[in-house]
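Peer 1:
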Amino acid sequence: MAIIISESKNPYFNLALEEYLLKNDVINEDIALFWQSEKAFVFGRNQNPFVEINPSFFNTSIPIIRRVSGGGTIYQDSNTLVFSFITKNYEKKINDYEYFLKPIIEVLKNMNLDVSFKPKSHLFIDDFKISGNAQAFINNKLLHHGTLLIDTDLDLINEALVNYSYSTKGNHILSNKQKVANLNQFLVKPCNIRELVSDIIDESVKLLGLNKKEYFLREEDIEKIRDLMITKYNTWEWNFGKTKEFEMDMIIDGNMEKIFIDNGIVKDVSNHNLQYLVGVKFYSEEFFEKIK
């Protein structure tokens, strides 16, 4: 197993790094990738970001990014650990989330935390979710990735994701909203993320029967990852333009109006007086300026 610990805190770069490793045979063995990032919302490939995230968080400094896997919408920051396992030996492991989470469960239990796996893909302490996970199968490789809340901004999660809802109609996957908590809430001494990563690596080697070898990205790898970041992950077309057709009820000028959106762009409105919105990118600065 090749170990990669990304030093970048750029969420666009790290998601591009993950896809690059998944789609290219730059390393001819299983991979474990660990990273942290600046603040970001990351949502599932088949989700609708306009439904998942409070509109007040659009057009802010916090990126909103689509990933290649399914699953729900998450918020992550520098106090969140993101982990990814990539393997060609995917037989019987597709949808077997517990298999990949065994090392993490063992590490947390060694920290005297009463952690449990709950199908289909989450880790809980008591009734609080501390880790959400998702998978993707691409180019005969399986990607399993997830987050571990260490000292993440839970107030922001509640404001942006948990307590937000809008009346919508469309064919999109909705997040299963649950109560969340940080590991540090259950620890006497705050968790050291670097030490945690080291422990997870050791348990992964032990429980998954893998070799331990750290891999450092070559400059040519980094250039290709940056190119993928620029041309895909940091684009409106990928993050919003791939959103399936849907309709949303919104209050505009004190009236409840129906907006029809396709590929992230307003296609029609129920009120002919709002025709000026047609063709505008939904939830863009221009959109909010027009409905003031």
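According to the numbering used here, the sequence shown holds residues 15 to 306 in order.
We put the beta carbon where it would ideally sit given N, CA and C, even for glycine.
1. Grouping DSSP H, G and I as helix and E and B as strand, with all else coil, what is Glu43?
2. Should Pro69 and Phe260 be called a contact, given that it needs their Cβ atoms to be closer than 9 Å?
3. Would the segment 20 to 37 count as touching the segment 232 to 240 if we require 3 or more Cβ pairs under 8 Å?
4. Would DSSP call Leu288 helix, strand or coil?
5. Alpha carbon to alpha carbon, how far is Arg59 from Leu291?
6. Contact defined as beta carbons within less than 8 Å: I believe Leu95 pairs with Ile164. What is the distance between those atoms, to the nearest angstrom?
7. Should Met270 go down as buried or exposed, given a rule of 16 or more other Cβ atoms within 10 Å for buried?
8. DSSP three-state label for Ile207, please.
9. Could you tell me which residues DSSP pairs with Met262 in its beta bridges?
10. Just to confirm my understanding: we take Ile76, look at its own chain, exclude 5 residues before and 5 after, and list those with CB closer than 7 Å. What are they?
11. Taking the straight line between their C-alpha atoms, what separation do you get for Tyr297 and Leu221?
12. I'd like to check one pair, Ile45 with Pro63: are the Cβ atoms closer than 9 Å?
13. Does Lys145 come out as helix, strand or coil in the three-state DSSP assignment?
14. Does DSSP put Lys37 in a helix, in a strand, or in coil?
15. Pull the bridge partners of Ser98 from the DSSP assignment, please.
16. Hey, is the segment 248 to 266 in contact with the segment 226 to 237, meaning 3+ C-beta pairs nearer than 8 Å?
17. Kindly indicate which three-state DSSP category Ala16 falls into: helix, strand or coil?
18. Provide the residue(s) that pair with Ser130 in DSSP beta bridges, ordered along the chain.
19. Quick test of your reading: Glu66 and Ser145, contact by CB under 8 Å. State the CB separation rounded to the nearest angstrom.
20. Report the residue from Met125, Lys193, Ile17, Arg81 whose alpha carbon sits nearest the alpha carbon of Thr249.
21. Anyone know if the C-beta pair for Leu288 and Ile273 falls short of 9 Å?
22. How long is the line joining the alpha carbons of Asn196 and Val121, rounded to whole angstroms?
Peer 2: Here's the rundown:
1. The residue labelled residue 43 in the question sits at position 29 within the sequence shown. Note: Glu43 maps to coil in three-state DSSP.
2. Reading the sequence shown from its first residue, position 55 is the one you call residue 69. Reading the sequence shown from its first residue, position 246 is the one you call residue 260. Result no, Cβ atoms of Pro69 and Phe260 do not sit closer than 9 Å.
3. yes
4. Along the sequence shown, one-based indexing puts residue 288 at 274. It is helical.
5. Here residue 59 refers to the residue found at position 45 of the sequence shown. Here residue 291 refers to the residue found at position 277 of the sequence shown. Answer to the nearest angstrom: the Cα atoms are 26 Å apart.
6. The sequence position of residue 95 within the sequence shown is 81, counting from 1. The sequence position of residue 164 within the sequence shown is 150, counting from 1. Right, the Cβ-Cβ distance comes to about 6 Å (below 8 Å), so this counts as a contact.
7. As a working mapping, residue 270 is identified with position 256 in the sequence shown. Its Cβ having fewer than 16 others within 10 Å, Met270 is exposed.
8. In the sequence shown, residue 207 corresponds to position 193, counting from 1. Note: Ile207 maps to helix in three-state DSSP.
9. The sequence position of residue 262 within the sequence shown is 248, counting from 1. Beta-bridge pairing links Met262 to Thr182, Ile273.
10. The residue you call residue 76 lines up with position 62 of the sequence shown. These residues qualify, in order along the chain: Lys53, Ala54, Phe55.
11. Numbered from 1 along the sequence shown, position 283 holds the residue referred to as residue 297. Numbered from 1 along the sequence shown, position 207 holds the residue referred to as residue 221. Approximately 46 Å, taken between the alpha carbons.
12. Here residue 63 corresponds to residue number 49 of the sequence shown, with the count starting at 1. Here residue 45 corresponds to residue number 31 of the sequence shown, with the count starting at 1. Not in contact: Pro63 and Ile45 (Cβ atoms no closer than 9 Å).
13. As a working note, residue 145 is residue 131 in the sequence shown. For the record, residue 145 in the displayed sequence is Ser; it is not Lys. Residue state, collapsed to three classes: strand.
14. For the purposes of this step, residue 37 is taken as residue 23 along the sequence shown, with counting starting at 1. Helix, per DSSP.
15. Locating residue 98 in the sequence shown gives position 84, where the first residue counts as 1. For Ser98, which the question treats as bridged, DSSP gives the partners Leu47, His159.
16. no
17. Numbered from 1 along the sequence shown, position 2 holds the residue referred to as residue 16. Note: Ala16 maps to strand in three-state DSSP.
18. In the sequence shown, counting from the first residue as 1, residue 130 sits at position 116. The partner list for Ser130 (beta bridge, DSSP) reads Phe138.
19. As a working mapping, residue 66 is identified with position 52 in the sequence shown. As a working mapping, residue 145 is identified with position 131 in the sequence shown. That belief does not hold up - the Cβ atoms of Glu66 and Ser145 are roughly 19 Å apart, past 8 Å.
20. Here residue 249 is taken as the residue at index 235 of the sequence shown, counted from 1. The candidate whose alpha carbon is nearest that of Thr249 is Arg81.
21. Start at 1 with the first residue of the sequence shown, and residue 288 comes out as number 274. Start at 1 with the first residue of the sequence shown, and residue 273 comes out as number 259. For Leu288 and Ile273, yes; Cβs fall inside 9 Å.
22. On the sequence shown, residue 196 is found 182 positions in, with the first residue counted as 1. On the sequence shown, residue 121 is found 107 positions in, with the first residue counted as 1. Distance between the alpha carbons of Asn196 and Val121: 15 Å.
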